[in-house]
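Let me begin by presenting the structure, written as structure tokens, before commenting on it.
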């Protein structure tokens with residue numbers, strides 16, 4: 084099992100992972116999230132072409148999870164990290180995020196997520212992310228929140244989070 088770049092042929096599988104990963108939201112009373120369409124293939128293709136779409140490949144070398152990211156205001160911003168339920172609770176999401184941290188180098192990681200979903204903000208807090216207050220939001224993060232609100236994601240509490248570079252978390256400088 085390994086982290087590697089997604090291939091063009093795997094992009095429809097990333098959509099399947101997204102659909103499967105969304106299903107548990109139904110049990111939380113968030114059927115709109117469970118029924119939400121995955122990222123379209125043209126968007127996933129753009130991430131893939133730019134080397135910003137990674138998969139966690141299982142023992143058969145098939146994607147079990149994926150992460151897509153972009154640079155936002157000097158940080159590596161995680162646009163989406165999704166783990167198929169068959170691979171959940173095995174450190175797969177953490178592995179993808181840690182891989183991004185290594186590849187991104189000495190920069191922070193950021194993301195937006197649901198504040199009260201157990202496998203969202205509480206999970207990311209355990210991975211070293213901290214919630215950002217209004218004063219800590221960059222222009223790019225504010226823009227992302229506006230885009231998410233236009234999609235209806237703000238129907239449930241949302242939070243922006245940041246994780247300091249690994250060196251800073253270890254007390255280095």
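Residue numbers (the working numbering): 84 to 256. C-beta: ideal position from N, C-alpha, C; glycine also.
Pair within 7 Å by beta-carbon distance, residue i and residue j
{"i": "residue 98", "j": "residue 121", "result": "yes"}
{"i": "residue 242", "j": "residue 204", "result": "yes"}
{"i": "residue 182", "j": "residue 100", "result": "no"}
{"i": "residue 227", "j": "residue 194", "result": "no"}
{"i": "residue 89", "j": "residue 143", "result": "no"}
Contacts around residue i, its chain only, beta-carbon distance under 8 Å, and the 5 residues preceding and following it disregarded
{"i": "residue 170", "result": "139, 141, 147 and 148"}
{"i": "residue 190", "result": "157, 158, 159 and 248"}
{"i": "residue 87", "result": "137, 138 and 140"}
{"i": "residue 111", "result": "200"}
{"i": "residue 102", "result": "121"}
{"i": "residue 188", "result": "248"}
{"i": "residue 208", "result": "214 and 244"}
{"i": "residue 216", "result": "none"}
{"i": "residue 220", "result": "228 and 243"}
{"i": "residue 254", "result": "For residue 254, the pLDDT reaches just 49, beneath the cut-off of 50, and the residue's location in the model is therefore unreliable, leaving the point undetermined."}
{"i": "residue 124", "result": "94, 95 and 98"}
{"i": "residue 177", "result": "210"}
Beta-carbon contacts of residue i that lie in its chain and below 6 Å, excluding the five residues immediately before and after
{"i": "residue 117", "result": "105, 106, 108 and 109"}
{"i": "residue 96", "result": "146"}
{"i": "residue 224", "result": "243"}
is_contact[residue i, chain D] using C-beta, thresh 7 Å
{"i": "residue 101", "result": "Going by chain labels, chain D is absent from the structure shown, which holds only one protein chain."}
Cβ-Cβ separation, residue j to residue i (assumed contact under 8 Å), whole Å
{"i": "residue 197", "j": "residue 152", "result": "Not confirmed; about 18 Å, so no contact."}
{"i": "residue 94", "j": "residue 145", "result": "Between residue 145 and residue 94 the Cβ distance is about 13 Å, and since that is not below 8 Å, they are no contact."}
{"i": "residue 237", "j": "residue 231", "result": "6 Å"}
{"i": "residue 244", "j": "residue 214", "result": "6 Å"}
Residue i, buried or exposed, once every other Cβ within 10 Å from all chains shown has been counted against 16
{"i": "residue 256", "result": "Residue confidence is low: residue 256 scores 37 on pLDDT, short of 50, so the model does not pin down where it sits. No coordinate-derived value is stated."}
{"i": "residue 135", "result": "buried"}
{"i": "residue 175", "result": "buried"}
{"i": "residue 234", "result": "exposed"}
Sequence-distant residues of the same chain with beta carbon closer than 7 Å to residue i, five excluded per side
{"i": "residue 179", "result": "86, 137, 139, 148, 150 and 164"}
{"i": "residue 119", "result": "105"}
Near the ligand FAD: residue i beta-carbon under 6 Å from a heavy atom
{"i": "residue 177", "result": "Within the structure as shown, the ligand FAD is missing, as the structure has no ligands at all."}
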